[in-house]
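The sequence shown begins at 11 in my numbering and counts up one residue at a time.
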Amino acid sequence: MSRSLSPKLGALCATATLVVVCGTALGYFSAGGTGTAAAGVTQLTAPTITAATPASGGTVSLTWKAVSAPNGGTATYYVNRNGAAAGGNCPAAAEPTAVTTCTDSGLEPGTYEYTVTAVFSTWTKKSAVTTAKVTVGPVSKFAIAGSTTSPSTGAGVNLTITAKDAAGATVTTFTGSHSLTFAGASNSPEGKSPTVVNAAGTAVAFGTATALTFTNGVAAAASSKNGFLQIYKAGEANVTATEGSLTTPVPLALNVLPTATRFTLAAASATPTAGAGDNLTISASDAYGNASTNYTGSHNLVFSGTGTGAETSPSGKAPTVANSSATAVAFGTATAINFSAGVATVSAGANGEMTLYKSGAAAIKATEGSVTTPTALSVTVGSASAASLNLTASTTTPATTTSISLTETAKDAYGNTATSYSGSKTLTFTAAGAPSEPSPAGNTASITNSSGTAVAFETAIPITFTSGVATVAATKAGAVRLYKPGSATITATDGAFTTPALALTVSASAKRVAFSGLTASPGTVSTTCLFTCSVTTLGNSGTITSKLAITDEYGNIVSNVGAGKTATLSVTAGSPAGTISGSPLSFPETGAAISTTAFTYTSPATGSYTTNTITAASTGFTSATVTAAK
Numbered sequence: 011m012s013r014s015l016s017p018k019l020g021a022l023c024a025t026a027t028l029v030v031v032c033g034t035a036l037g038y039f040s041a042g043g044t045g046t047a048a049a050g051v052t053q054l055t056a057p058t059i060t061a062a063t064p065a066s067g068g069t070v071s072l073t074w075k076a077v078s079a080p081n082g083g084t085a086t087y088y089v090n091r092n093g094a095a096a097g098g099n100c101p102a103a104a105e106p107t108a109v110t111t112c113t114d115s116g117l118e119p120g121t122y123e124y125t126v127t128a129v130f131s132t133w134t135k136k137s138a139v140t141t142a143k144v145t146v147g148p149v150s151k152f153a154i155a156g157s158t159t160s161p162s163t164g165a166g167v168n169l170t171i172t173a174k175d176a177a178g179a180t181v182t183t184f185t186g187s188h189s190l191t192f193a194g195a196s197n198s199p200e201g202k203s204p205t206v207v208n209a210a211g212t213a214v215a216f217g218t219a220t221a222l223t224f225t226n227g228v229a230a231a232a233s234s235k236n237g238f239l240q241i242y243k244a245g246e247a248n249v250t251a252t253e254g255s256l257t258t259p260v261p262l263a264l265n266v267l268p269t270a271t272r273f274t275l276a277a278a279s280a281t282p283t284a285g286a287g288d289n290l291t292i293s294a295s296d297a298y299g300n301a302s303t304n305y306t307g308s309h310n311l312v313f314s315g316t317g318t319g320a321e322t323s324p325s326g327k328a329p330t331v332a333n334s335s336a337t338a339v340a341f342g343t344a345t346a347i348n349f350s351a352g353v354a355t356v357s358a359g360a361n362g363e364m365t366l367y368k369s370g371a372a373a374i375k376a377t378e379g380s381v382t383t384p385t386a387l388s389v390t391v392g393s394a395s396a397a398s399l400n401l402t403a404s405t406t407t408p409a410t411t412t413s414i415s416l417t418e419t420a421k422d423a424y425g426n427t428a429t430s431y432s433g434s435k436t437l438t439f440t441a442a443g444a445p446s447e448p449s450p451a452g453n454t455a456s457i458t459n460s461s462g463t464a465v466a467f468e469t470a471i472p473i474t475f476t477s478g479v480a481t482v483a484a485t486k487a488g489a490v491r492l493y494k495p496g497s498a499t500i501t502a503t504d505g506a507f508t509t510p511a512l513a514l515t516v517s518a519s520a521k522r523v524a525f526s527g528l529t530a531s532p533g534t535v536s537t538t539c540l541f542t543c544s545v546t547t548l549g550n551s552g553t554i555t556s557k558l559a560i561t562d563e564y565g566n567i568v569s570n571v572g573a574g575k576t577a578t579l580s581v582t583a584g585s586p587a588g589t590i591s592g593s594p595l596s597f598p599e600t601g602a603a604i605s606t607t608a609f610t611y612t613s614p615a616t617g618s619y620t621t622n623t624i625t626a627a628s629t630g631f632t633s634a635t636v637t638a639a640k
């Protein structure tokens, strides 16, 4: 507004520029002196708050209308709450700004009064009071919940994490990505760390910032992301989440259960004796090494093993484990075993007493459905004390020309070699049957002693055992010779144990021509007359008569020589020579190789004669001779 002043008022303003209040108008005088002047007059009006909007999280958003400052200037503003400076980004009286909006923050639930004051130069103008009611305060804590409070180790728990104010209301304005750090659970016995899967699907270990996305104040796990918890140590866990000063006053209390996935076996002895009980301790655990203390009651385990020690013994005894009723159950059959807090132990021979009967190494496992034994129990079964002796031969079908090597083995009650039976033992060997008799050539059955000397059967000889076994070395201590064909048995005894009879079948091979039933008239025939005979005092016109046979080297007649076998007789070295009739002699194709006819040698009828040699020869065989002297 512009108007002329009276001379009287103009005189009052002659020496200075004054602000004159006329009613409610403010005027500026821009020149000194007397006379008539023009002045611009305006008002600094109070601002009007157009909105005071409370929001979850303890904020109030304020907006107000800008006011016009005198003479084209710019007004600034400050905001008071309940008569004092507001918070957040609202300007304070000490530093008013030209903004026309701000957000007050950090407000607990309640009703608040706001004013906005406009400032220009030294003038101020305050707005009317506007109220705003805050119902949800700022975030002061996290609340954490899980989809289950009793998860299995390694199983997922879907977390729900809610931003809360001090009164427990959900702060819906807490949104977007936030980095939370989780705590309250430990590593598994095998070192597996607890984790929470972040919003991107990556499992992050406890103690490391984990980015989760909040929507309307809540971060909820979905599709195994954004709060998918996995704990690998069994027992109690109290899970908290922290971001800066925000934490979890009430942790999520979990009881993590160890689901059994494997067995661990331990034995009272790693070197059990065959037939002796070995107490097993069977422990159930989960995949992360936690004892499965919730694995209790009766369970049907199937035991198995590899290696000779887990096999059926030579005597036919299968490995067993005693069930909870003390009944021995063979490997491969469900065996009821009682567990207490994940462990099964033996009591009075029941509930896990293992008995193995075959000596040797064994690897033992137990299974129940999907629960297995990743690492087998290793044991080495030793033989029991000697309970018998056993006899074997290098061959059970020797020829009369063959030396037989005997092996003596001490056995325990289950047929295992009794390795404790060692050192020098005195054994007596017995042979029975035709081969134990002298051969036609006079060879007698024998066995070598420890010096390699052939001695007769029924002679006690020292035999050295090493780990339960005695063998022939360099034809010493147990080399047998039998010179007559047929069936034979050999036994040995140490006085305490006698071996089962070892059955042999001795054969003869066609090697020689032999005389069979040779007689002289007159004259005297040598005692043994098979291959080389002599007849003395035969005189003139004396006769020697004999059949022929095909034999082995010891005079045993062989059989089945085949067709076309004959022998011829001739006289040599005699003058005058005698005569032979009946030559050649034929041998039967089958049966005993004895000629069906005989030859006759007749000495000279008169005069003296030197020794005549009669030779019986057959192709492929060694000839036989008989000498005749007058």
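Glycine is no exception: its CB is placed at the ideal position from the N, C-alpha and C atoms.
None of these values were measured; they are calculated from a predicted model.
Counting only runs of 3 or more residues that sit fully inside the region 86-114, the beta strand (DSSP E) segments are 86-91 and 111-114, in chain order. Threonine 121 sits in a strand when the DSSP states are folded into three classes. Contact between the region 410-430 and the region 474-489 is present: 3 or more CB-CB pairs across the two stretches fall below 8 angstroms. Taking 8 angstroms as the cut-off, the beta carbon of threonine 163 is found no closer than this to the beta carbon of valine 228.
In the displayed model, threonine 637 falls within a strand according to three-state DSSP. Between threonine 383 and threonine 377, the beta carbon gap of about 7 angstroms places them in contact (Cβ cut-off 8 angstroms). Put simply, the region 559-571 touches the region 594-608. At least three CB pairs are less than 8 angstroms apart. Relative to glycine 237, the option among Phe184, Ser323, Thr172 and Tyr367 whose CA is nearest is Thr172.
Following the DSSP letters along the chain, one finds isoleucine 473 inside the beta strand (DSSP E) bounded by residues 470-475. In this structure the region 440-449 does not touch the region 416-425; the number of beta carbon pairs closer than 8 angstroms is below three. For cysteine 543, the enclosing beta strand (DSSP E) begins and ends at 542-546. Taking the Cα of valine 139 as reference, the smallest distance to any Cα among Ala451, Asn92 and Asn226 is reached at Asn92. Counting the other CB atoms within 10 Å of its CB gives threonine 405 a total below 16, which places it among the exposed residues. Put simply, the backbone Cα of threonine 632 is about 9 angstroms away from that of isoleucine 560.
Counting every other CB atom within 10 Å of its CB across the protein chains shown gives threonine 121 a total below 16, marking it as exposed.
Note that the C-beta distance between threonine 402 and alanine 502 is not below 8 angstroms.
Between leucine 548 and the set Ala466, Ala215 and Tyr611, the nearest pair of CA atoms involves Tyr611.
According to DSSP, proline 282 shares a beta bridge with no other residue. Here threonine 345 really is in contact with valine 312; their C-beta atoms are around 7 angstroms apart, less than 8 angstroms. With respect to asparagine 168, alanine 244 sits apart: the two C-beta atoms are not nearer than 8 angstroms. Secondary structure note for lysine 435: its beta strand (DSSP E) is the uninterrupted segment 433-443. In summary, valine 545 is buried, with 16 or more beta-carbon neighbours lying within 10 Å of its beta-carbon over all protein chains present.
Judged by beta-carbon spacing, valine 214 lies beyond the 8 angstroms limit of lysine 235, meaning their Cβ atoms are not closer than that value. Straight through space, the alpha carbons of alanine 210 and alanine 219 are spaced by roughly 13 angstroms. When the beta-carbon positions are compared, alanine 423 and glycine 317 stay at least 8 angstroms from each other.
Taken atom to atom, the span from the alpha-carbon of proline 532 to that of glycine 552 is near 6 angstroms. Leucine 558 has its alpha-carbon roughly 8 angstroms from the corresponding atom of threonine 607. Under DSSP, glutamate 253 shares a beta bridge with Leu256. Here alanine 577 really is in contact with alanine 626; their C-beta atoms are around 5 angstroms apart, less than 8 angstroms. Counting C-beta pairs with one atom in each stretch, the region 116-132 and the region 64-84 have three or more that are closer than 8 angstroms, which means they touch. Close CB contacts of serine 196 within its chain, under the 6 angstroms cut and outside five residues either way in sequence, are with Lys243 (chain order).
Remark: C-beta atoms of proline 268 and aspartate 296 approach each other more closely than 8 angstroms. Taken through DSSP and simplified to helix, strand or coil, glycine 82 comes out as helix. In the DSSP assignment, aspartate 422 falls outside any beta strand (DSSP E) and carries neither an H nor an E. Residue pairing by DSSP places serine 293 opposite Thr274 and Val353 in a beta bridge. Contact between serine 187 and alanine 221 holds: CB atoms are separated by about 5 angstroms, below the 8 angstroms threshold.
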